[in-house]
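Trainee:
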Ligand code: NAD
Ligand code: UGA
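Numbering (the working numbering), first residue to last: 1009 to 1472.
Here is the structure:
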């Protein structure tokens, strides 16, 4: 039997890893082509330095690339050849016009639909892999039908992705569930079976959930909203802990033992980041508001408000502890990625903490094991509109953490990289003006030992 021919439009954090695992697990029964309009990104996927850092990804790509996994800019050719087409393009928050700052921008989804209609010469199953506003499948359907060649049919499925960055490969290899939403018609059910067969190469059947299209689309927004809400909930508790001498780690352990609550995702922090939590909650808020469900919108909006406040609260603590002025003081920032094991900085809490410290004139020395200096420069300039030159004056990026910490008034941990726990802080302490401050925005360091060395420590949700 000929292999199932799969095309994925969008070679990003989702399209690349997801298709690499489909190719690995599907073997000679699938042929996967990942396409993108970004030539530089495709060139990187075809090189020894992949465009994204993800543990385990290099090995998977090396095993499959050139055999049953291909990266290309030939969008038309890949659409033509495919039976199944994943749409895995970005759906950022709209920055203009109607729904600005809240609605998801689906222009890239629409352009994919138009390209699929234009280049399809036979029936296709089109799969929403991107996270989309509710009822986007209807939009896709209308565009495809209005523009396709005579006699060509499309089935649209929703198959949201639940991987987290930093653990993408293991999440894809053994997912908690795969969700497939489709139409209840016989054709819709046949399409669901075709996509399910791809996952059944490695995912047990009882982990493949099927629903109607709209439940599937909404479940993705709901899952991210619930996850982010847990972080805002524990971060809200962290502020109460700081004022009452309760310890947020102890509170998290105590409530997490309740099997109804569970222990995961209760790590208090400087705030959640990443390209999706805020975007997807705002997308939900927009949906609720447009349905005149304003109380529902307000409820979810508060998760984002709390997160912004938590980031601001952390930078304010730094400023206050340093005698209300950080002007011209060297502050070392350990970690710039939005979480460990990724080089992704999108919506990272570090960007906003650094922005606040730059507003106060601090000299920032930044170290992150995986984020490139150009990316940090870009991110900090993007929050310095009209005064981009301050980044050149105030910020240095280091490839050696000890150089970044050397002589700093304060060290602030903003990402939970494991290597930070292994540093020789006694050596660092000796170089710092006194009092020497350490702000642990992730609660990963050994506070008692650091205090013993002489550091003044501030952590999230606890008195040290
Ligand atoms: P990304 O920005 O890394 O990648 C998207 C890619 O799509 C880009 O390379 C872009 O050039 C390409 N693209 C845009 N329009 C195109 C077109 N018309 N033709 C061809 N290529 C086009 O985004 P991502 O992080 O991979 O996220 C993709 C989607 O998956 C989003 O909807 C996101 O919400 C969702 N998602 C992301 C994650 C994550 O961890 N990043 C997890 C689950 C779901
Ligand atoms: C998240 C979800 O976990 C994925 O299921 C989802 O597919 C994805 O969003 C998406 O739709 O993009 P991701 O953002 O990659 O994945 O990473 P998470 O592990 O969820 O972390 C998000 C942020 O929350 C990070 O900044 C992390 O440091 C923070 N976090 C996480 C906490 O502050 N505390 C926690 O207990 C957990």
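Beta carbons: idealized from backbone N, C-alpha and C, even for Gly.
Can you give me the Cβ contacts of residue 1336 inside the same chain, cut-off strictly under 7 Å, excluding the 5 residues immediately before and after it?
Mentor: One-based indexing of the chain shown puts residue 1336 at position 328. If we look at residue 1336 and ignore the five residues flanking it on each side, its Cβ neighbours are 1369 and 1371.
Trainee: DSSP state of residue 1244, grouped into three classes?
Mentor: Counting from 1 along the chain shown, the entry for residue 1244 is found at position 236. Helix at residue 1244.
Trainee: CA-CA distance, residue 1201 and residue 1014?
Mentor: Within the chain shown, numbered from 1, the residue matching residue 1201 stands at position 193. Within the chain shown, numbered from 1, the residue matching residue 1014 stands at position 6. About 15 Å.
Trainee: Does the Cβ of residue 1411 lie closer than 8 Å to at least one heavy atom of the ligand UGA?
Mentor: If you number the chain shown from 1, residue 1411 lands on position 403. No, the ligand UGA has no heavy atom inside 8 Å of this Cβ.
Trainee: Could you tell me whether the Cβ atoms of residue 1378 and residue 1061 are closer together than 9 Å?
Mentor: Within the chain shown, residue 1378 is the residue found at index 370, counting from 1. Within the chain shown, residue 1061 is the residue found at index 53, counting from 1. Cβ atoms of residue 1378 and residue 1061: closer than 9 Å.
Trainee: Look at residue 1079 and residue 1024 and say whether their C-beta atoms are less than 9 Å apart.
Mentor: Mapped onto the chain shown, residue 1079 falls at position 71. Mapped onto the chain shown, residue 1024 falls at position 16. Contact: yes.
Trainee: Using 10 angstroms around the beta-carbon of residue 1270, count the other beta-carbons present and answer buried if the total reaches 16, otherwise exposed.
Mentor: To locate residue 1270, count along the chain shown from 1; it is residue 262. Burial call: exposed.
Trainee: DSSP state of residue 1455, grouped into three classes?
Mentor: As a working mapping, residue 1455 is identified with position 447 in the chain shown. Note: residue 1455 maps to helix in three-state DSSP.
Trainee: So, at 7 Å on beta carbons, what are the nonlocal neighbours of residue 1032 in its own chain, with the 5 sequence-adjacent residues on each side left out?
Mentor: Taking the first residue of the chain shown as position 1, residue 1032 is located at position 24. The residues are 1068, 1071 and 1072.
Trainee: Would the stretch 1213-1225 and the stretch 1103-1120 be scored as touching if the rule is three or more Cβ pairs under 8 Å?
Mentor: no
Trainee: So what's residue 1417 in DSSP terms, helix, strand or just coil?
Mentor: For the purposes of this step, residue 1417 is identified with residue 409 of the chain shown, where counting begins at 1. Correct three-state label for residue 1417: coil.
Trainee: Within 10 Å of its beta-carbon, does residue 1010 have 16 or more other beta-carbons around it, so buried, or fewer, so exposed?
Mentor: Locating residue 1010 in the chain shown gives position 2, where the first residue counts as 1. Within 10 angstroms of the beta-carbon of residue 1010 lie fewer than 16 other beta-carbons, which makes it exposed.
Trainee: If you follow the beta strand (DSSP E) that residue 1396 is in, where does it begin and where does it stop?
Mentor: To locate residue 1396, count along the chain shown from 1; it is residue 388. Run containing residue 1396: none; DSSP gives neither H nor E here.
Trainee: Taking the alpha carbon of residue 1241 as the point to measure from, which residue in 1223, 1135 and 1264 has its own alpha carbon closest?
Mentor: For the purposes of this step, residue 1241 is identified with residue 233 of the chain shown, where counting begins at 1. When only C-alpha atoms are compared, the closest one is 1264.
Trainee: Spatial neighbours of residue 1287 within its chain, please: C-beta separation below 6 Å, excluding the five flanking residues on both sides.
Mentor: Here residue 1287 is taken as the residue at index 279 of the chain shown, counted from 1. Taken in chain order, the residues that qualify are 1101.
Trainee: Which residue spans inside the stretch 1212-1287 form an unbroken beta strand (DSSP E) run of at least 3?
Mentor: 1216-1220
Trainee: For residue 1220, which of 1339, 1148 and 1166 has the nearest alpha-carbon?
Mentor: Your numbering for residue 1220 matches position 212 in the chain shown. Comparing alpha carbon positions, the residue from 1339, 1148 and 1166 closest to residue 1220 is 1166.
Trainee: Which one or two residues does DSSP pair with residue 1132 in a beta bridge?
Mentor: Mapped onto the chain shown, residue 1132 falls at position 124. Residue 1132 pairs with 1162.
Trainee: In this structure, how does DSSP classify residue 1153 when only helix, strand and coil are distinguished?
Mentor: For the purposes of this step, residue 1153 is identified with residue 145 of the chain shown, where counting begins at 1. Here residue 1153 sits in helix by DSSP.
Trainee: For residue 1120, is the beta carbon positioned less than 8 Å from some heavy atom of the ligand NAD?
Mentor: Against the chain shown, residue 1120 aligns to sequence position 112. True, at least one ligand heavy atom lies under 8 Å from that Cβ.
Trainee: Run the proximity test for residue 1169: is its beta-carbon closer than 8 Å to any non-hydrogen atom belonging to the ligand UGA?
Mentor: Taking the chain shown and counting its residues from 1, the one referred to as residue 1169 is at position 161. Residue 1169 Cβ: within cutoff of the ligand UGA.
Trainee: Can you list, in chain order, the residues of its chain with a C-beta nearer than 7 Å to that of residue 1226? Leave out the 5 residues immediately preceding and following it.
Mentor: Taking the chain shown and counting its residues from 1, the one referred to as residue 1226 is at position 218. Taken in chain order, the residues that qualify are 1142.
Trainee: Between the alpha carbons of residue 1530 and residue 1289, how many angstroms are there, rounded?
Mentor: Residue 1530 lies beyond the stretch modelled for the chain, which goes from 1009 to 1472, so this question has no answer here.
Trainee: Opposite residue 1375 in the DSSP bridges: which residues?
Mentor: What you label residue 1375 is simply residue 367 of the chain shown in a count that begins at 1. BP columns for residue 1375 point to 1342 and 1406.
Trainee: Got a sec, what are the start and stop residues for the alpha helix (DSSP H) residue 1323 sits in?
Mentor: Against the chain shown, residue 1323 aligns to sequence position 315. That run of the alpha helix (DSSP H) goes 1302-1329.
Trainee: When you compare only the Cα positions, how much space is there between residue 1134 and residue 1163?
Mentor: What you label residue 1134 is simply residue 126 of the chain shown in a count that begins at 1. What you label residue 1163 is simply residue 155 of the chain shown in a count that begins at 1. One C-alpha to the other measures close to 6 Å.
Trainee: Note down the Cα distance separating residue 1248 from residue 1278, rounded to an integer number of angstroms.
Mentor: For the purposes of this step, residue 1248 is taken as residue 240 along the chain shown, with counting starting at 1. For the purposes of this step, residue 1278 is taken as residue 270 along the chain shown, with counting starting at 1. So the two alpha carbons sit approximately 15 Å from each other.
Trainee: Could you check whether the Cβ of residue 1428 sits closer than 8 Å to any heavy atom belonging to the ligand UGA?
Mentor: Counting from one through the chain shown, the residue named residue 1428 turns up at place 420. Because no heavy atom of the ligand UGA lies under 8 Å away, the Cβ of residue 1428 does not count as near it: no.
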